[in-house]
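Asker: Okay, so the sequence shown: first residue is 41 according to my numbering, each after it adds one.
Every residue, glycine too, gets a C-beta built ideally from N, C-alpha and C.
The structure presented is a predicted model; accordingly, all values stated were derived computationally and were not measured.
This is the structure I want to talk about, given as structure tokens.
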Amino acid sequence: NIGLIIMMSLLFFGVIPRGQAHSFNEIISFGDSLTDIGNVSGLTQEGSSPVIDGYYKETHFCDNVLWVEQLAEYWELPTRTPGRGGTTSLSPQPLGNTWAWGGSEASDSAIQPPGVTELIPNLLTEVSEYLNHNEPNNSTLFAIWSGANNLLEGRKFGPLAAIDAVNAVTQSMIDLEQRGARHFLIFNMPKLGDTPKGQSDIWVRDAADIYSLLYNIELKEQLRKFRRDRNFKGRIYLVDTYTKLKLIVDTVNSGETYTPTFFVPGPPVSITNVRGMALDVFNETGTYPNNYLFWDDLHPTTVTHQIIVGLILQA
41 NIGLIIMMSL
51 LFFGVIPRGQ
61 AHSFNEIISF
71 GDSLTDIGNV
81 SGLTQEGSSP
91 VIDGYYKETH
101 FCDNVLWVEQ
111 LAEYWELPTR
121 TPGRGGTTSL
131 SPQPLGNTWA
141 WGGSEASDSA
151 IQPPGVTELI
161 PNLLTEVSEY
171 LNHNEPNNST
181 LFAIWSGANN
191 LLEGRKFGPL
201 AAIDAVNAVT
211 QSMIDLEQRG
221 ARHFLIFNMP
231 KLGDTPKGQS
241 DIWVRDAADI
251 YSLLYNIELK
261 EQLRKFRRDR
271 NFKGRIYLVD
281 TYTKLKLIVD
291 TVNSGETYTP
301 TFFVPGPPVS
311 ITNVRGMALD
321 VFNETGTYPN
331 NYLFWDDLHP
341 TTVTHQIIVG
351 LILQA
């Protein structure tokens with residue numbers, strides 16, 4: 041059972057102990073729409089996500105704040121700011137701390153997602169742009185959550201696609217580590233077949249699930265190599281979103297309510313709907329439900345992001 045192997049083997053890696061937070065002076069994050077707080081929106085046509093009524097500030101692929109904003113607030117770190125500084129140009133801003141772009145893939149070069157007016161950077165380019173304007177230090181936490189769009193937007197699937205995506209993540213870690221980064225928060229791939237988009241078609245669901253499994257197997261192996269490499273000076277914290285979100289889906293599908301035992305401080309959290317989209321409820325009623333796993337056909341709700349922060353904080 042490949043899924044069980046992943047869940048058991050990922051226990052080898054820890055998440056951040058609560059006391060560790062006090063040594064971080066900043067979070068610098070890279071990736072895609074799961075972390076983008078306003079980079080791609082400045083280049084996005086109205087009517088394309090996230091420049092749609094209901095999306096938080098029309099800059100977030102969510103109904104409210106994302107995991108990185110919740111985590112930074114919990115740790116009393118600086119406010120999250122886009123790497124491009126809120127402008128509509130690709131010129132990076134030195135003070136930006138969130139370099140993720142919605143639609144970005146785990147690869148090099150650039151991409152132009154649907155509804156976006158210009159090319160945007162992929163993961164390796166996000167990292168290189170950051171390094172062109174900043175010097176990492178050993179008190180910063182560098183977060184990377186990337187790779188879903190290789191399948192969802194790039195239509196790349198199978199073992200080679202998963203390996204290529206993970207290679208981009210690990211190369212990003214190497215590039216940052218060689219410049220002085222010492223702490224890495226790395227997210228594995230959620231079970232993409234459980235998203236509303238994945239559930240819309242059997243073939244899509246199966247391809248998405250296989251890609252997620254292959255990605256996580258490869259990521260686990262590459263992170264093990266880093267840990268055995270005495271020349272790699274970074275410490276790795278792995279966030280096992282695959283196991284957590286699968287648990288939520290399985291719990292609710294069995295007829296129960298999912299209530300986490302630990303989550304970032306905030307309103308009480310419970311999930312009772314893992315198939316629908318909270319966006320549909322907003323469009324019908326103008327209100328935001330607080331019990332949905334997914335905001336739209338791909339992205340989690342702010343409540344789910346809250347659960348993910350709890351996962352990061354658990355010792």
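Return the residue from the list L192, A248, F227 and L163 that minimises the CA-CA distance to S149.
Answerer: Ranking L192, A248, F227 and L163 by Cα distance to S149 puts L163 first.
Asker: List the endpoints of the continuous alpha helix (DSSP H) containing S149.
Answerer: Segment: none, S149 is in no alpha helix (DSSP H) and carries neither H nor E.
Asker: Per DSSP, L278 forms a beta bridge with which residues?
Answerer: According to DSSP, which records beta bridges pairwise, L278 is partnered with I226.
Asker: Return the residue from the list W107, N256, F227 and I242 that minimises the CA-CA distance to Y277.
Answerer: The shortest Cα separation from Y277 among W107, N256, F227 and I242 belongs to F227.
Asker: What's the gap between the Cα of S310 and the Cα of V304?
Answerer: The alpha-carbon atoms of S310 and V304 are separated by roughly 13 Å.
Asker: Is the beta carbon of I184 sitting closer than 8 Å to the one on S144?
Answerer: Cβ distance not < 8 Å, so I184 and S144 don't count as in contact.
Asker: Return yes when the Cβ of N137 is within less than 8 Å of the Cβ of P118, no when it is not.
Answerer: Yes; because the gap between Cβ atoms is below 8 Å, this pair is in contact.
Asker: Apart from the five residues just before and just after T312, which ones in its own chain have a Cβ nearer than 7 Å to its Cβ?
Answerer: Once the five neighbours on either side are set aside, the close Cβ partners of T312 are V292, T297 and N331.
Asker: Note down the Cα distance separating G220 from S147, rounded to an integer number of angstroms.
Answerer: Their backbone Cα atoms lie some 22 Å apart in a straight line.
Asker: DSSP has A183 in a bridge; who is on the other side?
Answerer: S69 and L225.
Asker: Which value, in whole angstroms, describes the spacing of the CA atoms of G350 and F64?
Answerer: C-alpha separation (whole angstroms): 17 Å.
Asker: Using a Cβ-Cβ cut-off of 6 Å (strictly less than) and excluding sequence neighbours within five positions of E109, which residues of its own chain qualify?
Answerer: So the qualifying residues of the chain are R120.
Asker: Measuring straight from C-alpha to C-alpha, what distance separates Q218 and N178?
Answerer: Those two C-alpha atoms are separated by around 12 Å.
Asker: Who does T84 pair with in a DSSP beta bridge?
Answerer: According to DSSP, T84 bridges with V156.
Asker: With H, G and I counted as helix, E and B as strand and the rest as coil, what does DSSP make of G125?
Answerer: Only weak support exists for where G125 lies, its pLDDT of 45 falling under 50; the coordinates are left without a value.
Asker: Suppose the cutoff is 7 Å on Cβ atoms and the five residues either side in sequence are ignored; what does the same chain contact list for S49 look like?
Answerer: For S49, the predicted structure reports a pLDDT of 40, less than 50, and the residue's modelled location is therefore unreliable. A value from the coordinates is still provided. K260, listed in sequence order.
Asker: Are the beta-carbon atoms belonging to A248 and L338 less than 8 Å from one another?
Answerer: Their beta carbons are not under 8 Å apart, which means A248 does not touch L338 by this criterion.
Asker: When the Cα atoms are used, what is the spatial distance from D76 to G142?
Answerer: Taking the straight line joining both Cα atoms gives about 6 Å.
Asker: Where are the alpha helix (DSSP H) runs, 4 residues long or more, that stay fully inside the region 303-338, in chain order?
Answerer: As far as the region 303-338 is concerned, its whole alpha helix (DSSP H) runs of at least 4 residues are 318-325.
Asker: How many Å lie between V209 and A318 at the Cα?
Answerer: Whole-angstrom Cα-Cα distance: 31 Å.
Asker: Going straight from the alpha carbon of A61 to that of L333, what length do you get?
Answerer: Here the model assigns A61 a pLDDT of 49, short of 50, so the residue's position is not dependable and the matter cannot be decided.
Asker: In three-state terms, what does DSSP make of Y298?
Answerer: If DSSP states are grouped into helix, strand and coil, Y298 belongs with the strands.
Asker: Could you spell out the range, first to last residue, of the alpha helix (DSSP H) harbouring Y255?
Answerer: Run containing Y255: I242 to R268, per the alpha helix (DSSP H) assignment.
Asker: Out of V167, W243 and P329, state which residue places its alpha-carbon closest to the alpha-carbon of F197.
Answerer: Of V167, W243 and P329, the residue nearest in Cα terms is W243.
Asker: Going by the beta-carbon positions, is the gap between A140 and S252 smaller than 8 Å?
Answerer: No, these two residues do not count as a Cβ contact at 8 Å.
Asker: With a threshold of 16 other CB atoms inside 10 Å of the CB of L254, please say whether the residue is buried or exposed.
Answerer: The residue is buried, with at least 16 neighbouring Cβ atoms inside 10 Å.
Asker: CA-CA distance, T281 and Q85?
Answerer: When rounded, the distance between both Cα atoms is 31 Å.
Asker: My guess is that I348 and W115 are in contact by the Cβ rule of under 8 Å, so how many angstroms apart are they, rounded?
Answerer: That belief does not hold up - the Cβ atoms of I348 and W115 are roughly 15 Å apart, past 8 Å.
Asker: From S89 to T99, what distance separates their C-alpha atoms?
Answerer: Each residue's alpha carbon lies about 8 Å from the other.
Asker: Taking T327 as the reference, which of A202, D93 and G87 has the closest Cα?
Answerer: Among A202, D93 and G87, the Cα nearest to that of T327 is on D93.
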